[in-house]
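For the sequence shown, position 120 matches number 120 in the numbering used here, and the numbering has no gaps at all. Below: one structure, written as structure tokens.
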Amino acid sequence: MPHEHADEKLIIANCSGFYGDRFTAMKEMVEDGEIHVLTGDYLAELTMALLFKARRKDPSLGYAGTFLKQMEEVMGTCLERGIRVVTNAGGLNPRGLCAALEKMASALGLSPVIACIEGDDLMPNLAGLQKSGESFCHLDRGTPLSEGGVFPITANAYLGGWGIAEALGQGADIVIGGRLADASLVSGPCAWHFGWKRDNWDALAGAVAAGHVIECGTQATGGNYSHFEEVPSWTKVGFPLAVMERDGSSVITKHKGTGGLVSVGTVTAQLLYEIESPAYLNPDVTARFDTLHITDDGKDRVRLSGCKGSSPPATAKVCINTIGGYRNTVSVLLTGLDPDAKARIVEEMLFDGPEGQKRFASVETQLLKSAHPCPRCMEEAMNLLRITVRDPDEKKVGRAFTAKVVELALSSIPGFNLTAPPAPAVPEIIHWPALIHKGNLCEAVHIHNTTILVDPVEGNSAGALPPDTPGDEAPATGATVTLPMGHLFATRSGDKGGNANLGVWASTPEAFHFLQATLTPARLKELLPDLAPFAVDRWSLPNLNAVNFYIRGLLGDGVAASSRIDAQAKTLGEYLRCQPMEVPKALGDGLR
Numbered sequence: 001m002p003h004e005h006a007d008e009k010l011i012i013a014n015c016s017g018f019y020g021d022r023f024t025a026m027k028e029m030v031e032d033g034e035i036h037v038l039t040g041d042y043l044a045e046l047t048m049a050l051l052f053k054a055r056r057k058d059p060s061l062g063y064a065g066t067f068l069k070q071m072e073e074v075m076g077t078c079l080e081r082g083i084r085v086v087t088n089a090g091g092l093n094p095r096g097l098c099a100a101l102e103k104m105a106s107a108l109g110l111s112p113v114i115a116c117i118e119g120d121d122l123m124p125n126l127a128g129l130q131k132s133g134e135s136f137c138h139l140d141r142g143t144p145l146s147e148g149g150v151f152p153i154t155a156n157a158y159l160g161g162w163g164i165a166e167a168l169g170q171g172a173d174i175v176i177g178g179r180l181a182d183a184s185l186v187s188g189p190c191a192w193h194f195g196w197k198r199d200n201w202d203a204l205a206g207a208v209a210a211g212h213v214i215e216c217g218t219q220a221t222g223g224n225y226s227h228f229e230e231v232p233s234w235t236k237v238g239f240p241l242a243v244m245e246r247d248g249s250s251v252i253t254k255h256k257g258t259g260g261l262v263s264v265g266t267v268t269a270q271l272l273y274e275i276e277s278p279a280y281l282n283p284d285v286t287a288r289f290d291t292l293h294i295t296d297d298g299k300d301r302v303r304l305s306g307c308k309g310s311s312p313p314a315t316a317k318v319c320i321n322t323i324g325g326y327r328n329t330v331s332v333l334l335t336g337l338d339p340d341a342k343a344r345i346v347e348e349m350l351f352d353g354p355e356g357q358k359r360f361a362s363v364e365t366q367l368l369k370s371a372h373p374c375p376r377c378m379e380e381a382m383n384l385l386r387i388t389v390r391d392p393d394e395k396k397v398g399r400a401f402t403a404k405v406v407e408l409a410l411s412s413i414p415g416f417n418l419t420a421p422p423a424p425a426v427p428e429i430i431h432w433p434a435l436i437h438k439g440n441l442c443e444a445v446h447i448h449n450t451t452i453l454v455d456p457v458e459g460n461s462a463g464a465l466p467p468d469t470p471g472d473e474a475p476a477t478g479a480t481v482t483l484p485m486g487h488l489f490a491t492r493s494g495d496k497g498g499n500a501n502l503g504v505w506a507s508t509p510e511a512f513h514f515l516q517a518t519l520t521p522a523r524l525k526e527l528l529p530d531l532a533p534f535a536v537d538r539w540s541l542p543n544l545n546a547v548n549f550y551i552r553g554l555l556g557d558g559v560a561a562s563s564r565i566d567a568q569a570k571t572l573g574e575y576l577r578c579q580p581m582e583v584p585k586a587l588g589d590g591l592r
């Protein structure tokens with residue numbers, strides 16, 4: 001049943017963008033201003049693997065422990081003020097977190113109504129689902145899970161917001177779930193509060209857009225923002241608020257007196273974060289980010305409106321983490337002259353013997369040349385050689401490999417040195433993205449000693465929109481000037497499993513038209529040559545003055561298996577912004 005004050009605005013605050021975010025944020029959001037719903041997003045693809053390790057050591061764990069400690073400080077205040085709490089901090093063990101909360105509440109003399117949402121964890125029936133026809137094909141490679149040569153350790157389907165709405169409608173003060181889709185932490189409370197129906201597509205799409213903006217915490221309020229010089233204060237950067245309206249429109253803001261910045265720029269950047277096509281797929285709705293209007297609504301206030309929605313896909317996304325073997329990486333400093341020759345000698349000595357590199361399943365080397373041609377301090381003379389070995393046999397890439405590295409200390413290149421002591425082999429956690437038919441999910445809300453089943457939202461969405469088909473690059477005409485791209489454009493980049501996204505946006509329509517005509521996938525590969533081996537798609541979002549690139553395979557098997565220094569592609573945008581580009585002089589003259 002909808003909230004009794006369904007016509008009133010709903011203020012939703014997010015206090016966590018990841019497991020490990022600022023501990024004091026929950027208390028700050030509760031005490032520093034008015035809120036109605038407190039949310040926290042604690043999960044990422046890698047987090048599920050980390051929680052698996054914790055639960056393997058102690059079966060009572062497997063949830064985000066910091067959430068429990070944070071709630072100890074604010075539970076009484078939330079109950080007193082009627083603030084509902086909704087989170088996916090349950091991770092792999094929502095019931096365990098609920099039990100721990102109930103124990104803590106009892107010790108505090110409190111009696112909250114706690115609801116537990118389950119049904120995302122597919123591991124108990126993974127084999128049965130495969131036998132019944134769910135192949136869990138890898139979304140990027142098309143390989144069925146049974147043929148992948150990997151060992152699943154977690155498998156969680158993304159659930160939508162209707163279980164949250166049901167729990168709140170049943171009187172829950174605190175709603176604990178596992179792999180609840182990030183944006184559903186906003187759409188679920190909105191559906192409950194405003195009494196939305198399941199096919200109120202536009203309203204749901206607006207809530208999903210707002211949820212996507214605030215889900216990563218301070219990334220919407222100045223964090224990780226290209227134009228960081230616009231941020232007036234970095235002291236106690238405020239976490240974001242979404243002031244939701246009945247039609248799904250919202251105002252993104254933050255508590256007064258906090259640091260950071262909420263602007264059209266910071267919100268645009270976050271909307272472009274970790275997306276593929278502008279048709280953003282949520283379990284409950286397909287939100288069209290290319291229809292969204294973003295307008296300035298005053299100091300630290302940005303209005304989102306007009307987002308169109310349609311039915312969701314008939315399938316739900318599944319995050320499967322698997323163990324595919326073991327990995328070890330060593331980093332050797334190559335100082336001074338002849339780095340290529342020095343790297344060759346290190347590799348020859350490290351992999352000598354009849355089998356050489358073939359004794360490992362794979363060997364990957366990266367020579368990162370960053371030395372200054374005329375260094376003025378020792379660090380400016382250094383390059384980095386990274387060598388990563390992988391193999392199903394832990395012993396091969398463990399002590400046997402690192403001992404060989406240590407043996408080179410006095411017998412190889414001049415200045416041989418490692419950046420850190422040799423480390424043991426680590427399990428290679430491979431991300432395996434897949435789909436499951438929604439009819440094979442069984443979402444359940446446990447509340448008041450009863451269980452309520454939640455039917456999934458049936459859908460027929462075609463999914464992602466086709467990418468742009470830009471022609472040849474349109475060269476700049478008339479008088480031109482060469483500038484770093486970052487002088488004209490802002491970026492936001494991130495990981496999507498083994499892929500990466502790179503959103504680029506302009507501050508003016510004129511700059512956007514140049515961007516759209518000029519920065520094609522082919523041109524992107526020219527500017528960033530290390531992207532050349534990968535397929536790159538592009539989508540335009542004229543309403544945001546933006547284009548979004550999707551680089552397929554850049555991160556291999558995901559963050560936990562990638563050997564890249566930046567395994568989450570967080571720096572990809574800033575890498576692009578430092579590249580010089582010839583632009584019309586009129587655009588350059590318009591810079592601040």
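All C-beta atoms in this analysis are idealised placements derived from N, C-alpha and C, irrespective of residue type, glycine included. Only a predicted model underlies this, so the values are computations on that prediction, with no experimental measurement involved.
Exercise for the section: Using the DSSP secondary-structure output, state which residues sit across from Y550 in a beta bridge. Expected result: As a position in the sequence shown, residue 550 is number 550, starting the count at 1. DSSP output for Y550 lists N501, D537 as bridge partner(s).
Practice task
Look at the alpha carbon of E215 and the alpha carbon of G222, and state the distance between them as a whole number of angstroms.
Solution key: For the purposes of this step, residue 215 is taken as residue 215 along the sequence shown, with counting starting at 1. For the purposes of this step, residue 222 is taken as residue 222 along the sequence shown, with counting starting at 1. Rounded to whole angstroms, E215 to G222 spans 14 Å at the Cα level.
Exercise for the section: Name the two residues that bound the continuous beta strand (DSSP E) containing K570. Expected result: Walking along the sequence shown from the start, residue 570 turns up at place 570. Counting along the chain, no beta strand (DSSP E) covers K570, and no H or E run does either.
Handout entry: Segment limits, alpha helix (DSSP H) that includes I452
Key = Residue mapping note: residue 452 aligns to position 452 of the sequence shown, counting from 1. Bounds of any alpha helix (DSSP H) do not take in I452; it lies within the beta strand (DSSP E) bounded by 450-454.
Practice task
Examine the Cβ distances between the region 537-557 and the region 498-505 and report whether three or more of them are shorter than 8 Å.
Solution key: Taking a cut-off of 8 Å on C-beta distances, the region 537-557 touches the region 498-505, as three or more cross pairs fall below it.
Handout entry: Opposing strand residues paired with S493 [DSSP bridges]
Key = Your numbering for residue 493 matches position 493 in the sequence shown. S493 is bridged to L502.
Practice task
Report yes if the C-beta distance between D284 and W162 is below 8 Å; otherwise report no.
Solution key: In the sequence shown, counting from the first residue as 1, residue 284 sits at position 284. In the sequence shown, counting from the first residue as 1, residue 162 sits at position 162. For the 8 Å CB-CB criterion, D284 and W162 form a contact.
Handout entry: S60 in three-state terms, based on DSSP
Key = Position 60 of the sequence shown, counting from 1, holds the residue named residue 60. S60 falls in the coil class under three-state DSSP.
Exercise for the section: Taking 8 Å as the cut-off, decide whether the C-beta atoms of T253 and L241 are in contact. Expected result: By 1-based counting over the sequence shown, the position of residue 253 is 253. By 1-based counting over the sequence shown, the position of residue 241 is 241. The answer is yes: Cβ separation under 8 Å.
Exercise for the section: Using 10 angstroms around the beta-carbon of D296, count the other beta-carbons present and answer buried if the total reaches 16, otherwise exposed. Expected result: To locate residue 296, count along the sequence shown from 1; it is residue 296. Around the beta-carbon of D296, fewer than 16 other beta-carbon atoms lie within 10 Å, marking it exposed.
Handout entry: Contacts around N328, its chain only, beta-carbon distance under 6 Å, and the 5 residues preceding and following it disregarded
Key = Residue numbering aside, residue 328 sits at position 328 when the sequence shown is read from its first letter. Excluding sequence neighbours, N328 sits near V389, V397, F401, A425.
Exercise for the section: My understanding is that E102 touches I452, with C-beta atoms under 8 Å, so please give their C-beta distance in whole angstroms. Expected result: Taking the sequence shown and counting its residues from 1, the one referred to as residue 102 is at position 102. Taking the sequence shown and counting its residues from 1, the one referred to as residue 452 is at position 452. The C-beta distance from E102 to I452 rounds to 19 Å, too long to fall under 8 Å, and the pair is not in contact.
Practice task
Could you say if the region 88-99 and the region 407-420 meet the contact criterion of at least three C-beta pairs nearer than 8 Å?
Solution key: Contact fails between the region 88-99 and the region 407-420, because fewer than three Cβ pairs, one in each stretch, are under 8 Å apart.
Practice task
Please look up how many angstroms separate the CB atoms of L180 and L204, rounded, as I've assumed it's under 8 Å.
Solution key: Mapped onto the sequence shown, residue 180 falls at position 180. Mapped onto the sequence shown, residue 204 falls at position 204. With a Cβ gap of about 15 Å, L180 and L204 do not count as contacting.
Problem - Whether V346 touches V302 by CB criterion (8 Å) - result: The residue given as residue 346 occupies position 346 in the sequence shown. The residue given as residue 302 occupies position 302 in the sequence shown. Cβ atoms of V346 and V302: not closer than 8 Å.
Handout entry: H448 classed as buried or exposed, judged by whether at least 16 other C-beta atoms fall within 10 angstroms
Key = Here residue 448 corresponds to residue number 448 of the sequence shown, with the count starting at 1. It is exposed - the Cβ of H448 has fewer than 16 other Cβ atoms within 10 Å.
Practice task
Work out the CA separation of V113 and G171 for me, nearest whole Å.
Solution key: The residue you call residue 171 lines up with position 171 of the sequence shown. The residue you call residue 113 lines up with position 113 of the sequence shown. One alpha carbon belongs to G171, the other to V113, and they sit about 7 Å apart.
Practice task
Return helix, strand or coil for D391, following the three-state DSSP convention.
Solution key: Counted from its first residue, the sequence shown places residue 391 at position 391. Reduced to three states, the DSSP call for D391 is strand.
Handout entry: Test item: CB-CB of A560 and L92 under 8 Å
Key = Along the sequence shown, read from residue 1 onward, the residue named residue 560 stands at position 560. Along the sequence shown, read from residue 1 onward, the residue named residue 92 stands at position 92. Not a contact, by the Cβ cut-off of 8 Å.
Exercise for the section: Quick one: grab the DSSP three-state call for F67. Expected result: Residue numbering aside, residue 67 sits at position 67 when the sequence shown is read from its first letter. Reduced to three states, the DSSP call for F67 is helix.
Handout entry: Residue nearest to I164 in terms of C-alpha spacing, selected from A155, V175, N156, T154
Key = As a working mapping, residue 164 is identified with position 164 in the sequence shown. Selected option, being the one with the closest Cα: V175.
Practice task
Taking 8 Å as the cut-off, decide whether the C-beta atoms of G558 and G324 are in contact.
Solution key: For the purposes of this step, residue 558 is taken as residue 558 along the sequence shown, with counting starting at 1. For the purposes of this step, residue 324 is taken as residue 324 along the sequence shown, with counting starting at 1. For G558 and G324, no; Cβs fall outside 8 Å.
Practice task
Quick one: using the 10 Å Cβ neighbour count with 16 as the cut-off for buried, is G590 buried or exposed?
Solution key: Locating residue 590 in the sequence shown gives position 590, where the first residue counts as 1. It is exposed - the Cβ of G590 has fewer than 16 other Cβ atoms within 10 Å.
Handout entry: Residue range of the unbroken alpha helix (DSSP H) whose run includes G160
Key = As a working note, residue 160 is residue 160 in the sequence shown. Run containing G160: none; DSSP gives neither H nor E here.
Handout entry: the region 307-320 contacting the region 351-362, beta-carbon criterion three pairs below 8 Å
Key = As far as the Cβ criterion goes, the region 307-320 does not touch the region 351-362, which means the pair count is below three.
Practice task
Check whether the region 576-590 touches the region 476-483, counting contact only when three or more Cβ pairs, one atom from each stretch, lie closer than 8 Å.
Solution key: Contact between the region 576-590 and the region 476-483 is present, with at least three C-beta pairs closer than 8 Å.
Exercise for the section: Quick one: measure Cβ to Cβ for A191 and H212, integer angstroms, because I've assumed they're closer than 8 Å. Expected result: Counting from 1 along the sequence shown, the entry for residue 191 is found at position 191. Counting from 1 along the sequence shown, the entry for residue 212 is found at position 212. 16 Å between Cβ atoms; not a contact.
Handout entry: Under 8 Å between C-beta atoms of S540 and Q516
Key = Translated into the one-based positions of the sequence shown, residue 540 becomes position 540. Translated into the one-based positions of the sequence shown, residue 516 becomes position 516. Yes, they are a contact pair.
Handout entry: Endpoints, alpha helix (DSSP H) assigned at I345
Key = Locating residue 345 in the sequence shown gives position 345, counting from the first residue. Per DSSP, I345 belongs to the alpha helix (DSSP H) from 339-350.
Practice task
Measure the Cβ-Cβ separation of L68 and L97 and say whether it is below 8 Å.
Solution key: In the sequence shown, residue 68 corresponds to position 68, counting from 1. In the sequence shown, residue 97 corresponds to position 97, counting from 1. Taking 8 Å as the Cβ cut-off, L68 and L97 qualify as a contacting pair.
Problem - DSSP-derived helix/strand/coil call for R523 - result: In the sequence shown, residue 523 corresponds to position 523, counting from 1. Reduced to three states, the DSSP call for R523 is helix.
Practice task
Run the CB neighbour count on D7, radius 10 Å, all protein chains shown included, and call it buried at 16 or more, exposed below.
Solution key: Residue 7 sits at position 7 when you count from the first residue of the sequence shown. Per the 10 Å Cβ criterion, exposed.
Exercise for the section: Could you spell out where the beta strand (DSSP E) holding V85 opens and where it closes? Expected result: Working through the sequence shown from its first residue, we reach residue 85 at position 85. In the DSSP assignment, V85 falls within the unbroken beta strand (DSSP E) covering 84-87.
Problem - Test item: CB-CB of A279 and T268 under 8 Å - result: For the purposes of this step, residue 279 is taken as the residue at position 279 of the sequence shown. For the purposes of this step, residue 268 is taken as the residue at position 268 of the sequence shown. No; because the gap between Cβ atoms is not below 8 Å, this pair is not in contact.
Exercise for the section: Find out if the Cβ-Cβ distance for the pair L441, E510 is shorter than 8 Å. Expected result: The residue you call residue 441 lines up with position 441 of the sequence shown. The residue you call residue 510 lines up with position 510 of the sequence shown. Result no, Cβ atoms of L441 and E510 do not sit closer than 8 Å.
Handout entry: Strand pairing of I294, partner residues [DSSP]
Key = In the sequence shown, counting from the first residue as 1, residue 294 sits at position 294. Note: I294 sits in a beta bridge opposite L304.
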